[in-house]
Structures are given as C-alpha cells and as structure tokens.
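Using the UniProt record's numbering, you'd call the opening residue of the sequence shown number 1 and step up by one each time. Even for Gly, the Cβ is constructed at its ideal location relative to N, Cα and C. As the structure is a computational prediction, the values presented were derived from the model and not from experiment.
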Amino acid sequence: MTKQIHEQLINLIDNQSLEEFISLYSKHSSLLKSYQHTELLFRSCRLGLLSFVEYILNSKLIDINCSHPSTGYPLLFISIRSQKHDIIKYIIQQTNANINWSCQNNGITCLNEAIRQSDYSTVMLLLEQGCIINRSHLFGTIIECFRQRDKNMHPLIILDELINRCPKLINEIDREQVTQFILNRSHYLLSNSNSVVCSLLEKFSLNINYDLVNEISLMSMKQNKKVHRTQVGIIGCGPSGLLLGALLFRSGIDSIIIEEQSRSDVESNTRAGVLEQSTIDLLDEVDINERVLKEGIIQRCINIQFNGERISVPITEYTEGKVSTFYSQNLVVQDLIESRLKTNQRLWFDIEYARIERHDKTDDGQRPLIKFRRRNSNKEELIECDFIAGCDGGASKCCRHSIPKDEIRTIRKSYPYSWLSILVDSPPNGHEVVYSFDKTNGFALHSLRSPTKSRYHLQVSVDDKLEDWPDERIWSQLNKRLTLKDKSWKLNEGAIIHRALFSTRTSMTIPMQYKRLFLVGDAAHIVPPTAAKGLNVAVKDARILAEAIIDVYDNNTFDKLNNYTDKCLIHISEAVEFAIYMTSLLHKLDLSNENNEINEFDEILQRARQYQFQHSSALRRHIAQMFVS
C-alpha cells in the first residue's frame with residue numbers, strides 16, 4: 001500500500017499535478033517512511049516546483065535541513081546545484097535553514113556550490129544572511145576564472161565580494177601556495193590566461209613574477225596544428241574517459257580526449273545501462289542530471305526467482321532511500337559529449353591510430369607524448385601532456401598494449417556459457433527487473449529499456465551462434481525460464497529489434513598504471529554482466545583518478561596517484577566478487593548436463609546459496625546494498 005502511494009505521489013510531481021498531490025499527500029502522508037518524504041521533497045526541488053516544496057515542508061513531517069540519502073547534501077545545496085532560484089530564495093529566507101552547512105567528508109558548503117555555478121545572486125543572498133567565508137571559497141573562485149563556459153557574471157567579481165567582506169583571509173593565506181595554485185591552472189586553458197593570472201595575483205596582493213606570466217603567453221603561442229598541449233591526455237571516449245574529463249574540468253584542469261570511432265558511432269552504441277545511486281550522484285557532480293532525472297527509469301525493487309518462485313527485494317527500503325536507475329549507456333555518453341562540446345573542451349573523433357610515444361616526464365623536462373593521426377589525413381599530430389588516461393575499452397589496442405609485458409599481468413576467468421541479449425519493441429511487464437534461475441533451462445533476465453521497449457538476456461551455450469536462436473526458440477525459452485508457477489505473470493512479446501551474443505568473463509589487469517599512464521574502466525578490468533557493474537566500476541575508477549590528479553595540481557603531491565591501483569582494486573574486487581556470486585547463484589552451472597562429481601558438488605553449493613537467499617533477510621539486505629552502491 002505504502003509503495004503504491006509513494007509511486008503515485010512521484011508521478012503527480014512529475015506531471016506537476018499540485019491539487020491531486022495535495023489531496024493524496026494529506027490523506028496518506030502519515031503512512032510514508034522518512035526516506036519516502038525525502039525523495040518527494042528532493043525530486044520536487046530538482047524539477048523546480050516551489051509550490052510542491054512549500055507544501056511538503058509545511059506539513060512538518062520533514063525538516064528543511066534534511067539530507068539526501070546518498071550524498072548527504074541538504075535541500076539548499078541541491079537547489080543551488082539545480083539553479084532553481086525561487087526555491088533557493090525561499091529556503092534562505094527560512095529562519096531555521098542552515099546556510100552554513102558543511103559536508104563532513106570534504107568541507108564543501110552551499111557557498112562553494114554557488115561559486116562553482118558562478119551564481120552571483122545566490123552568492124550575495126548567502127553573504128547577506130551571514131554566510132561564513134573560508135579559504136576554500138577563494139580557491140574555488142580561482143578555479144572558476146579558468147573554466148571555459150558561458151558566464152553571466154565573471155568570477156572575478158565574486159572574488160571581489162569575498163575579499164571585501166573578509167579581508168583578513170588575504171593576510172592569512174599562504175602566498176606561495178596560492179601563486180602555485182593559480183599558475184597550475186593557467187596553462188593551455190585560455191588564450192588570454194596571462195591577463196587572468198595578472199588580475200588574480202593583483203587581487204591577492206602578490207608580487208607578480210612576470211617571467212612566469214610571460215611563459216604562459218609563450219606556451220599559448222607554441223600551440224600549433226601538429227603539437228597540442230594539455231594537462232591530461234585521454235584516449236577513449238566512453239563513459240570513463242568522458243567523466244574523467246568532466247571531473248577534471250570541474251576543478252579547472254584541462255584535457256584532450258581522442259576517440260577512434262565517429263561521434264555518431266559512439267553515441268549510437270547501444271549498451272544496457274543500470275546506474276547505481278553513486279553513479280547518478282557522480283553525474284550530478286558534473287551537472288549531467290537533467291535528462292537522467294526525466295527519462296531514467298527508477299528501480300526501487302528487484303525480483304529474484306528460483307524455479308518459478310519469485311522473491312521481491314525492496315532495495316530502496318533496505319538502503320533507506322537509495323535507488324538504481326535504468327538509463328542506457330549511450331545516453332550517458334551523449335549527455336557527457338554534449339556537455340563537453342558546449343564548454344569548448346577539446347574532443348576529437350575519427351582518430352585512425354594513436355600511439356603512446358613517451359610514458360613519463362624526462363630529465364630534460366619533456367612530458368608524456370601521444371602520437372596520433374586523424375582519419376583521411378596523412379599528417380601525424382602530437383599531444384604533449386602531464387598525464388595519460390587509458391580509457392580505450394576492453395581491447396585497449398593503444399594503452400594497455402603500450403605497457404611492457406613484464407610490467408603488468410592480466411588475470412582472467414571465463415565461464416562455459418554466453419548471454420544472448422535482445423531488445424524488444426514491447427513495453428516491460430511491470431517496472432521491476434526479474435532475475436530468474438530455472439534448473440532445467442538456465443538463467444534469464446527481464447530488464448527495462450524504456451516505457452515502450454524491453455530488454456531480455458538468456459543463458460546460452462558458449463558455442464551457440466545467433467542463427468541457432470530464431471525468434472520462436474527465444475520466446476519459448478524466455479517463457480519457460482521466467483513464467484511463475486501460478487502463471488500470474490507473463491511476457492509481453494514483440495518484435496526483436498536487436499540481438500547480440502557476448503561471453504561471460506572477468507579479467508583484471510594489475511597494476512593499472514605505468515609511469516604516467518593510468519588505465520581506467522574496461523581497459524583495466526571486465527566484470528561479469530550479471531550484476532550490471534561494468535559502467536559503475538568504470539566511473540569509480542575515473543573518480544579516483546580525477547581526485548589523484550587534482551591532488552597533484554592542488555598540493556604538489558603524488559601520493560594518491562602512486563596509490564591509484566590499490567585504491568581502485570578495493571571497489572573492483574568487491575564488484576567482481578558480487579558479480580561472480582550472482583552469476584553462480586542464477587546460472588545453470590553446466591549446460592551440457594554431464595553428470596560428474598564436480599558438477600554435482602557445485603550444484604549442491606548452488607542450492608545452498610539459493611536457500612540462504614530465500615531464508616535470510618540479512619543476506620537480501622546486503623544484496624540490495626550491493627546493487628545501489
């Protein structure tokens with residue numbers, strides 16, 4: 001009952017049906033759990049619906065300073081990030097709103113976010129209400145001075161306001177540190193970066209080193225059609241490469257991305273996308289959230305079925321408000337590409353070949369070097385950079401293969417079966433994914449692509465070919481594997497518009513770094529598909545690498561970069577372990593039906609795992625947590 005009411009309220013928010021929302025909410029709000037009130041409030045805020053926000057807050061069932069279930073950000077912070085100015089103004093005017101909230105993990109504040117958005121009006125509102133200014137706000141404003149994007153208000157004006165209101169910060173700041181911070185972000189970003197540097201140094205009353213400033217001008221002049229200079233060279237335009245570039249840009253660090261395929265090929269590469277809550281949060285950090293919010297299909301519950309008996313796992317309830325979201329990977333890529341090009345960052349498609357010529361910085365100051373040639377061109381070009389990110393996918397023809405064989409090793413595990421994946425032109429049966437084990441026929445998965453299209457996966461023999469699976473056989477097997485014992489659920493059959501076979505395997509390359517080259521995503525690891533972790537693990541790699549590179553430019557320390565592999569292996573091994581567990585839980589272990597001791601032993605263990613899942617709520621809670629984080 002509560003679940004249905006909550007879903008109805010979400011739909012009313014999405015449809016902006018205020019009167020119906022008030023009627024339903026007033027009758028049933030006492031039945032809702034705390035995390036459900038929170039989701040209603042934050043969704044209303046995201047969509048810019050002030051009247052909904054006011055009504056929910058006036059009900060007194062949720063506090064104005066409540067936190068987002070996964071990020072911990074308060075409503076004011078989210079409204080600033082979403083640039084919903086009527087909601088921002090409303091919250092700031094409330095006497096109980098905590099305008100000086102600070103994140104426990106990184107110290108970020110609402111004023112930090114307003115500065116990052118170059119939102120002068122919100123900055124002024126916060127300052128007028130007595131918002132506390134600290135040194136992070138000054139450094140954040142410096143970053144905004146070097147970010148290339150359309151700005152209604154230049155960040156230098158915001159910087160003036162901060163300095164005028166808190167002049168003592170200028171005296172307390174480490175002059176050498178701020179000088180280096182400015183210069184680290186000045187190269188390659190703007191054609192007039194030297195003038196920006198001069199303005200910043202003057203505002204901080206620093207002695208201008210004109211040799212350094214002139215060097216910036218010279219670096220800009222050195223740019224030519226054959227030699228391109230940047231801070232980070234990224235090879236590969238998948239989710240990990242694009243997100244890495246976006247995270248670096250967020251911190252004022254320049255990058256160039258090169259990609260072998262054409263833009264249309266990259267953007268049309270249809271792959272399933274199940275986004276964890278942490279992945280949605282990360283896309284939000286780089287302002288890629290509008291289309292996900294509107295078009296993503298939120299998953300609050302999953303179903304796992306053994307031999308026709310289905311168990312529902314309420315992942316949102318078990319995780320206090322977290323969700324997973326169906327949003328195709330190619331849509332993620334489209335959003336990231338659009339954002340990058342809109343902000344004039346360099347992204348080049350149709351690269352015929354790329355080769356890493358130099359992995360490290362030499363004693364005479366020469367930096368890592370990428371050589372490449374565009375398709376339909378006979379001219380070689382160079383990218384000179386501080387660091388190289390290898391984001392060129394599972395084959396990794398350029399990056400992983402450029403590392404000497406005695407410097408890395410790849411661990412592999414293959415399974416004796418494959419997946420047949422189909423996309424169907426028919427609506428899903430319900431809004432929840434179904435994982436199914438059938439002891440006779442094997443594994444099947446009913447997933448969601450959109451309100452009008454469904455995706456299915458079938459366990460098949462590793463030797464099977466597409467022609468072995470005509471439509472009739474596919475639907476027959478899906479019905480056998482997914483039908484419930486009581487026949488209360490059935491497939492919505494339709495035209496199969498896409499089909500593909502792919503192997504179930506896992507691999508891990510160790511270490512994920514060599515000198516100043518860092519492997520990211522599929523270039524470093526492949527995760528079995530059962531738990532839908534591949535994209536999510538890749539973006540975690542990108543986040544860790546971005547944080548490490550930012551630390552170099554902020555603090556001149558390589559500790560995080562040196563520990564990149566060890567840090568990544570924590571979440572990679574967790575994801576692989578979970579994917580292997582789900583694979584062994586749900587697949588028929590041997591499709592050949594050979595009766596031998598090894599198969600019999602494995603089947604006994606599998607039945608034990610299935611029994612534990614059916615009878616242990618603690619185990620189901622753990623699985624719910626693994627699905628969303």
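Within the DSSP secondary-structure output, Glu259 pairs in no beta bridge. Where Phe443 is concerned, there is no enclosing alpha helix (DSSP H), although the beta strand (DSSP E) around it starts and stops at Gly442 to Ser450. Residue environment analysis places Lys294 among the exposed positions, since fewer than 16 neighbouring C-beta atoms fall within 10 angstroms of its C-beta. Looking at the backbone, the Cα of Arg271 and that of Gln329 are separated by about 6 Å. Taking C-beta separations shorter than 8 Å and ignoring five residues to either side along the sequence, the partners of Ile173 in its chain run Arg135, Leu138 and Phe204, following chain order.
With contacts defined as CB atoms closer than 8 Å, His457 and Trp489 fail to qualify as a contacting pair.
By the 16-neighbour rule on beta-carbons within 10 angstroms, Glu259 is buried. The straight-line gap separating the alpha-carbon atoms of Arg374 and Trp348 is approximately 9 Å. In this structure, Leu243 keeps its C-beta atom at 8 Å or more from the C-beta atom of Val628. Counting of Cβ neighbours within 10 angstroms places Lys27 among the exposed residues, the total staying below 16.
With contacts defined by Cβ atoms closer than 8 Å, Ala548 and Leu561 form a contacting pair. Rounded to whole angstroms, the separation of the alpha carbons of Glu472 and Glu320 is 42 Å. When DSSP states are grouped into helix, strand and coil, Thr95 belongs to the coil group.
Of the residues assessed, Tyr353 falls on the exposed side of the cut-off, its CB having fewer than 16 other CB atoms within 10 angstroms. By the Cβ-count criterion, Ser30 is exposed, with fewer than 16 other Cβ atoms from all chains shown falling within 10 Å of its own Cβ.
Per the Cβ contact rule, the segment 475 to 485 is not in contact with the segment 393 to 409 (fewer than 3 Cβ pairs under 8 Å).
Annotated three-state conformation of Ile163 is helix, per DSSP. Judged by DSSP secondary structure, Met508 falls within the beta strand (DSSP E) whose first and last residues are Ala495 to Ile510. Counting along the chain, the unbroken alpha helix (DSSP H) around Ser79 starts and ends at Leu75 to Arg81. In this structure, the alpha-carbon of Ile5 lies about 11 Å from that of Leu12.
Taking the CA atoms as reference points, Asp14 sits about 46 Å from Ser195.
In the DSSP assignment, the residues bridged to Asp438 are Gly442. If you draw a straight line from the Cα of Glu39 to the Cα of Leu619, it is about 25 Å long. Residues Cys103, Gln104 and Asn105 of the same chain have their beta carbon placed closer than 8 Å to that of Gly72, with the five preceding and five following residues left out of the count. Using a C-beta cut-off of 8 Å, the segment 356 to 370 makes no contact with the segment 261 to 280, since fewer than three inter-stretch Cβ pairs fall below that distance. Met508 and Ile132 have their alpha carbons spaced roughly 46 Å apart. In the structure shown, the three-state DSSP call for Lys361 is coil. With a contact defined as Cβ atoms closer than 8 Å, Thr141 and Ile115 qualify at about 5 Å. Residue environment analysis places Phe437 among the buried positions, since at least 16 neighbouring C-beta atoms fall within 10 angstroms of its C-beta. When DSSP states are grouped into helix, strand and coil, Asp63 belongs to the coil group. In the DSSP assignment, Pro314 falls outside any beta strand (DSSP E) and carries neither an H nor an E. Distance from the CA atom of Leu519 to the CA atom of Ile388, rounded to whole angstroms, is 9 Å. Residue range Arg409 to Asp425 is occupied by the beta strand (DSSP E) that includes Asp425. Using a Cβ-Cβ distance cut-off of 8 Å, the segment 156 to 164 and the segment 526 to 536 are not in contact, since fewer than three pairs of beta carbons, one from each stretch, lie closer than that value.
For Tyr456, the enclosing beta strand (DSSP E) stretches over residues Lys453 to Ser461. Where Thr179 is concerned, there is no enclosing beta strand (DSSP E), although the alpha helix (DSSP H) around it starts and stops at Arg175 to Asn184.
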